[in-house]
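Novice: Sharing a structure with you now.
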Amino acid sequence: MDPRTAPPRSTTNGDATDVFAEIDRVFALQHEYQPFIRRTTAPERVRKLQRLRAKLLERRQDLRDALHADFRKPPTEVDLTELMPVLLEIKHASKHLADWMQPKKVSTPVTLFGTSSEIRYEPKGVGLIISPWNYPINLTLGPLVGAIAAGCSAILKPSEHTPHATRLMKELLGELFDEREVAVFEGEVDVAQHLLDKPFHHIYFTGSPEVGKIVMRAAAEHLASVTLELGGKSPTIVDETADIDDAARKITYGKFANKGQTCIAPDYVYVHERVHDAFVEALQDNIHDFYGPDAEARASSKDYARIIHEKHHRRLEALYAEALEQGARSPVGQTQRSAPRFIDPTVLTDVPAEARIMQEEIFGPLLPVLPYQSLDDALDAINAKPRPLALYIFSEDEATIERVLNHTTAGGTSVNDTLLHYMHPELPFGGVNTSGIGKGYGYYGFLAFSNERPVLRQKLKRSPFQQFYPPYTKVTQKLVNLLVRYF
Ligand code: NAD
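For the sequence shown, the numbering used here assigns the number 22 to the initial residue and increments by one for each residue that follows.
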């Protein structure tokens, strides 16, 4: 049966076909298992992570094959953007987990003389991880590393649009983990919604802002905590001092890798008008270098993925056609279909601000390039849109870089590069408001699945704080006045 049309199936052991009943059963099992999994030590959790690492390396070719079958993702991109980030997460967590789990002592204020305090990191409990199709392995297993490190169990619901990758994850995680710890459920929206009805302790969702709102509403029913890794339009600024060839090369990579279907891909570029034409030309040169000199060569390039599905393809074609109708030009790229689910790497100029392509997240290989005269105008236009997941600055001028940083807000920024802030294991990753709530990856992924529990120990029977107990005499008030002045 074509996996794209196959009905949702449970990934757990046994012959059960009723996926909802299976979800209920596994959810109950994971709950019952909490007293055991929460007591696991750092070495035990690291062993689980290392087993996951070994399994991923053992099945490396299968990962490549699955993602090729799903959307012709080039094998090198699978290694670089699916496998490597998860291996890096595992390496980083394995190295630091014992430290992260250590209770952190904090100092004692004068009012609490006689006490000592610390922050303990306890697992939140049962986690739900819902992930998108664009980096299915990375965005499912990356959060799972955080859950395992924190000592949580987790139910995973990867995207229905990458059936091969989802099935492979189900298979290899099934070989590694008891379903009381980790279970994968395939399925579409109905499966996600059934999962969202359950009182999970934490929900880690990666996907679109629209579905993020649905997830947050469902989480509110149970007051589950959430990490929402969402999307949006990530702007790029190229000023007149930037190294144009270098900027164009890095933007070409950041935009067209994974065929533009990257949450932190540059969505559109504001370029200083003096360097606009040179920049567009440099984009063209780099597109030719990366993917081939003409549309035919690029359509058969093994290094250029495909659009995930027909509906998304039609949406991109419509964005492009509407922009042209409204006066945009397309000096680089051709969008007539020369291969299934193929869109040429395309640059658009003269794009009107009101065009739909400048209103919604593009999430495909179409790059509007807009000239600016005054940086303030570009910043105003950027700030008029919802807060982006990423913002990129290309400039050799430190004052301009600082100005952009100080006058904008974004989930994350790379200066003079694209995408790379995501790959740094010490940096938190996430959005801000519309582009996301909460941060993940590395230590922040561990924190997302941990309850930071403050513990204060009183060492004195008659502590000084009892001076402030009722009845409130004049002496009590004087002491309070002293403290108010002191603070
Ligand atoms: P999506 O929101 O459509 O789907 C994500 C997941 O949610 C899938 O597993 C899907 O089955 C499930 N889902 C869909 N509709 C649902 C509903 N009504 N109720 C419950 N669950 C539902 O996103 P997508 O199309 O898979 O991915 C593209 C989006 O994800 C883009 O907006 C992109 O920017 C964003 N994204 C963000 C990050 C990040 O790290 N911030 C990473 C990748 C993608």
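We put the beta carbon where it would ideally sit given N, CA and C, even for glycine.
#1: Is residue 367 closer than 9 Å to residue 392 when the C-beta atoms are compared?
#2: Does the region 49 to 68 touch the region 236 to 245, meaning 3 or more C-beta pairs lie closer than 8 Å?
#3: Given a cut-off of 9 Å on the beta-carbon distance, is the pair residue 84 and residue 99 in contact?
#4: Rounding to the nearest angstrom, what Cα-Cα distance links residue 494 and residue 488 in this structure?
#5: With burial defined as no fewer than 16 other Cβ atoms inside 10 Å of the residue's Cβ, what is the status of residue 427: buried or exposed?
#6: Given residue 90, which residues of its chain have a CB within under 7 Å of its CB, disregarding the five upstream and five downstream residues?
#7: With distances taken Cα to Cα, identify the nearest neighbour of residue 222 among 116, 171, 396, 199.
#8: Ignoring anything shorter than 4 residues or poking outside the region 210 to 292, list the alpha helix (DSSP H) runs there in chain order.
#9: With a threshold of 8 Å (Cβ to nearest heavy atom), would residue 442 be considered close to ligand 1?
#10: Quick one, are the C-beta atoms of residue 362 and residue 138 less than 9 Å apart?
#11: Reducing DSSP to helix, strand and coil, say where residue 123 ends up.
#12: Identify whether residue 104 lies in helix, strand or coil by the three-state DSSP scheme.
#13: Can you confirm whether the region 41 to 49 touches the region 204 to 223 when touching is taken to mean that 3 or more C-beta pairs between the two stretches lie within less than 8 Å?
#14: Would you identify the three-state DSSP class for residue 508, choosing helix, strand or coil?
#15: Going by other Cβ atoms of all chains shown within 10 Å of its Cβ, with 16 needed for buried, is residue 307 buried or exposed?
#16: When the Cα atoms are used, what is the spatial distance from residue 130 to residue 500?
#17: How long is the line joining the alpha carbons of residue 463 and residue 123, rounded to whole angstroms?
#18: Could you pull out every residue in the same chain whose Cβ sits closer than 7 Å to the Cβ of residue 136, ignoring the five residues on either side in sequence?
#19: Using alpha carbons as the reference points, say which of 120, 257, 154, 115 lies closest to residue 389.
#20: From this set, 332, 288, 163, which residue's C-alpha is nearest residue 114's C-alpha?
#21: Is residue 279 near residue 269, with beta carbons less than 9 Å apart?
#22: Residue range of the beta strand (DSSP E) that residue 415 falls in?
#23: Whole angstroms are fine: how far does the CA of residue 328 sit from the CA of residue 335?
#24: Does the distance between the C-beta of residue 243 and the nearest non-hydrogen atom of ligand 1 fall short of 8 Å?
#25: For residue 408, which residues of its own chain have a beta-carbon under 8 Å away from its beta-carbon, when the five flanking residues on both sides are left out?
#26: Who does residue 454 pair with in a DSSP beta bridge?
#27: Check whether the Cβ atoms of residue 51 and residue 176 sit closer than 9 Å, and answer yes or no.
#28: Rounded to the nearest angstrom, what separates residue 75 and residue 104 at their Cα positions?
#29: To test your reading of the DSSP string, which unbroken beta strand (DSSP E) runs of 3 or more residues are found completely within the region 334 to 408?
#30: For the candidate residues 151, 259, 305, whose alpha-carbon lies nearest to that of residue 396?
#31: Mind pulling the beta strand (DSSP E) runs of 3 or more residues that sit fully within the region 74 to 101?
#32: Would residue 29 be called buried (16 or more neighbouring beta carbons within 10 Å of its own) or exposed?
#33: Just to confirm the assignment, what range does the alpha helix (DSSP H) spanning residue 51 have?
#34: Where do the ends of the alpha helix (DSSP H) carrying residue 301 lie?
#35: Per DSSP, what kind of secondary structure is residue 178 in: helix, strand or coil?
Specialist: In short, the structure shows the following:
#1: no
#2: no
#3: yes
#4: 10 Å
#5: exposed
#6: 185
#7: 171
#8: 210 to 217, 230 to 243, 265 to 277
#9: no
#10: no
#11: coil
#12: helix
#13: yes
#14: coil
#15: buried
#16: 16 Å
#17: 16 Å
#18: 129, 477, 478, 479, 480
#19: 257
#20: 163
#21: no
#22: 411 to 415
#23: 10 Å
#24: no
#25: 253, 430, 431, 432, 452, 453, 454, 455, 456
#26: 457
#27: yes
#28: 12 Å
#29: 350 to 353, 367 to 370, 387 to 393
#30: 259
#31: none
#32: Low local confidence applies: a pLDDT of 37 at residue 29 is under 50, so the model's placement there is unreliable, with the coordinate-based value given in what follows. That one is buried.
#33: 40 to 53
#34: 297 to 312
#35: strand
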